[in-house]
Structures are given as structure tokens and as C-alpha cells.
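Working notes, structure below.
Residue numbers (this note's numbering): 98 to 511.
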């Protein structure tokens with residue numbers, strides 16, 4: 098079994114002090130925040146960035162020649178550049194600011210999907226998808242007459258790809274999560290993309306759980322669209338991005354109509370702006386997007402490779418420690434090399450919501466429910482799980498506290 102000393106903590110205690118919320122007690126105990134898979138905590142510099150925008154440069158972007166507007170526009174577009182560099186996009190024009198991953202996927206489904214899907218065409222998803230990468234495709238399939246097929250998983254929660262080439266016949270788009278928000282499984286999206294392209298399909302990746310936790314290079318992955326949220330990667334809520342290959346974005350119609358996204362409007366009709374402005378109708382989340390850029394600076398300063406390596410060691414330690422808890426069932430791949438820092442579990446005889454409530458009394462925050470993955474839980478034949486998800490600010494001692502609190506819950510319900 099791994100030990101705490103095996104984990105390189107890159108001065109983790111200093112890093113934790115960057116997050117004000119982690120300094121407060123919960124029920125008289127230190128906060129152990131183990132729900133970053135839902136939304137991460139924010140470092141002081143991101144909070145300060147938002148504060149600075151609203152105190153010093155609050156104005157609309159792209160619409161004013163006065164100083165505040167020009168400053169806001171510069172900061173907003175600089176943030177777009179930071180996003181592009183972070184995922185190795187070839188052009189700033191390939192980055193569309195959105196509110197979250199959900200909006201990004203809906204944008205693609207309702208623009209690319211509406212323009213390219215016809216009756217009988219096939220959409221390929223997986224059974225582990227978050228509702229945000231499932232429901233939009235169900236909706237567009239209903240509108241267009243396209244059909245949806247699903248890749249299955251094995252007993253360890255890994256995708257079964259043996260017959261992928263056959264399953265790709267007639268598929269127009271593959272939409273797959275990079276990392277499962279329930280199982281923690283890291284999917285081989287580069288392999289999937291290569292095989293999908295060979296079959297003539299476009300590939301969208303849900304990066305909500307991967308972009309915050311590991312280096313993600315869209316060129317190396319060879320994909321066509323990437324969707325992710327800012328609030329899971331130390332940024333504010335209401336921020337996120339869609340990356341798409343420019344040739345694909347150029348061919349897509351607008352998602353929403355209104356201000357900013359137009360080139361010219363007459364009573365007879367409208368022409369539309371170039372990308373990415375075409376997809377950013379109305380006043381955007383300016384301060385939030387700027388703060389997302391600050392979050393990217395923060396993560397880049399730590400180093401995404403270091404973050405991923407640290408989280409893998411933390412996850413390996415958690416898998417070992419939690420396996421010692423009697424009656425605890427873990428879901429997903431058995432080793433940290435095959436998964437990210439997400440561990441869903443059930444405790445024999447205790448409902449996941451009761452587990453989460455007991456953990457809360459110990460100052461430990463986890464999520465309980467189906468985690469917006471109802472079909473996956475149906476497949477696992479369980480109504481719900483509790484989920485611990487880790488980030489760069491978590492420490493081994495919090496995992497020890499989690500294991501001890503789970504033992505307490507088991508005894509209470511014995």
C-alpha cells in the first residue's frame with residue numbers, strides 16, 4: 098500500500114493557503130473539500146481578478162472607443178489567447194467563450210448537428226456520458242431523424258473498443274468524455290479520434306473532467322471539438338470555452354441571434370460575423386472570462402504535468418486506503434494509471450445520501466446521487482453513489498479522514 102510519504106506534495110501547504118475557503122472550519126473541523134469534480138475552489142488571485150474587473154474596468158467589450166471599454170476588450174481577448182495556448186489551439190478564432198461545458202456541447206449539437214445530420218445518420222456516444230453530452234444529442238436526433246448508438250464498458254469501467262471500427266460505420270459524429278465524472282476512467286480519445294476520422298466521422302470531446310487535471314493538447318489528440326468549463330479549473334462560474342477546428346466553425350450557422358454576432362442587419366435580413374464572434378451573441382461574461390484567464394495562469398504556474406502526477410499519486414493512495422474500509426464498493430478502473438482523481442463508491446447498508454450527510458458532520462464534502470449520469474447508474478444497477486473527487490489542493494490526511502469517517506458511518510448503520 099502507498100504511504101503519505103510517497104506523495105510529492107510540491108509545497109502543498111503553501112498552495113492551499115492560496116484558497117481562502119479552505120481555511121474555514123465546517124462543524125468545528127477543518128474543511129476537507131472532496132467535491133472538485135462538481136466545482137473547484139478558487140485561489141485568491143482569481144477572486145481578486147473578478148474584483149479588479151468590477152472595480153476598475155467594468156465596461157462592455159468590442160463596442161466602445163472609451164478607455165474602460167478598450168481595457169475590458171484587451172483583457173477579454175487576452176484571456177481568449179490564454180485559453181488557446183493552454184490547449185494548443187492554432188488560432189484565437191478557434192476559441193468560443195461559453196458559460197459552461199453544457200452550453201458548448203449544445204452549441205455544436207444545434208449548429209453542426211442541425212446542418213449535417215440527416216434521417217438515418219448515426220451518432221456514437223458512450224454509456225458513461227454526463228447528461229450534458231447525452232441529452233443534447235438525443236434532442237438533435239429527435240429533430241433530424243438521426244439514430245444514437247452507445248459504446249459499452251467492461252467490468253472495470255473501461256470502454257470496449259474491440260469492435261469500434263464496425264460500430265463507426267455510418268457514424269457522422271462521435272461524442273465522448275475524456276474522463277468519466279463517475280468512474281474516473283480516462284478514455285483513449287486520441288485512438289478513438291484516429292479511428293473515427295478514418296471512418297469519416299467528426300469527434301467532440303467533453304473535457305470538463307480532464308482539462309482541469311492534466312495536460313490537454315487538441316493537436317496531439319487529433320479531435321475536432323473540445324468543450325470545458327472554467328468553474329471546475331479554479332475559475333469562476335459562468336465561464337468556459339468551446340474549441341473547434343476553424344474550418345468546421347466557419348461552416349456552422351449561429352447558435353443564438355442578437356447583438357454582437359452580426360455583420361449587418363436590415364429589415365430584409367442579416368449577415369453574420371466571423372468566428373468566434375458569430376457564436377458570442379449578447380453581452381458575454383466579461384469579468385468571468387478574464388478571471389478564467391487568471392485561473393489558467395495559476396494552473397500553468399503550478400504545471401499541468403505536475404498536477405496530474407500529484408493527483409495520480411493521491412488517487413493511488415485513496416484507492417489503497419478506501420479498499421480497507423469494510424463493506425465499501427469502489428467503481429471504475431482498479432489502478433490510478435487508468436483513471437483520474439474521481440472515486441465513486443457505495444457503503445453496504447447505508448444510502449449514499451446518508452453517507453454524505455455523516456461525512457459532512459466530519460467536515461468532509463463529497464457528492465451523493467447519480468452525478469448527472471443516470472443511464473450509467475442504471476447500467477451498474479444502483480440508484481446512486483457517493484463520490485470523492487480530488488484536486489491539486491487536497492492532501493493525504495484528508496483521505497485518511499475520509500476512510501475513518503466511512504468506518505464511522507458503517508458502525509452507525511450496523
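Here a beta-carbon is modelled for each residue, glycine too, at the ideal position from N, C-alpha and C.
DSSP places residue 368 inside the beta strand (DSSP E), whose first and last residues are 367-369. Taking a C-beta distance under 9 Å as the contact criterion, residue 378 and residue 351 qualify as a contact pair. In the DSSP assignment, residue 175 falls within the unbroken alpha helix (DSSP H) covering 164-184. Secondary structure of residue 229 (DSSP, three-state): helix.
Proximity of the segment 234-247 to the segment 410-417 falls short of the contact definition, fewer than three beta-carbon pairs being nearer than 8 Å. Of all C-beta pairs linking the segment 310-328 to the segment 188-203, three or more are shorter than 8 Å, placing the two stretches in contact. For residue 213, DSSP assigns no beta-bridge partner whatsoever. When only Cα atoms are considered, residue 315 and residue 406 end up about 20 Å apart.
Segment contact: the segment 301-315 against the segment 272-286, three or more CB-CB distances shorter than 8 Å; contact assigned. Assignment of residue 320 by DSSP, reduced to helix, strand and coil, places it in the coil class. The Cβ atoms of residue 283 and residue 245 do not sit closer than 9 Å to each other. Non-local beta-carbon contacts of residue 292 in its own chain, meaning distances under 7 Å to residues more than five positions away in sequence, involve 261, 262, 265 in chain order.
Look at residue 204 here: in three-state DSSP terms it is helix. By the neighbour-count criterion, in which 16 or more other beta carbons inside 10 Å mark a residue as buried, residue 182 falls on the exposed side. Counting only the Cα atoms, residue 459 lies some 49 Å from residue 243. In the structure shown, residue 145 adopts helical secondary structure according to DSSP, grouped into three states. Taking all protein chains in view, the Cβ of residue 420 is surrounded by fewer than 16 other Cβ atoms within 10 Å, so the residue is classified as exposed.
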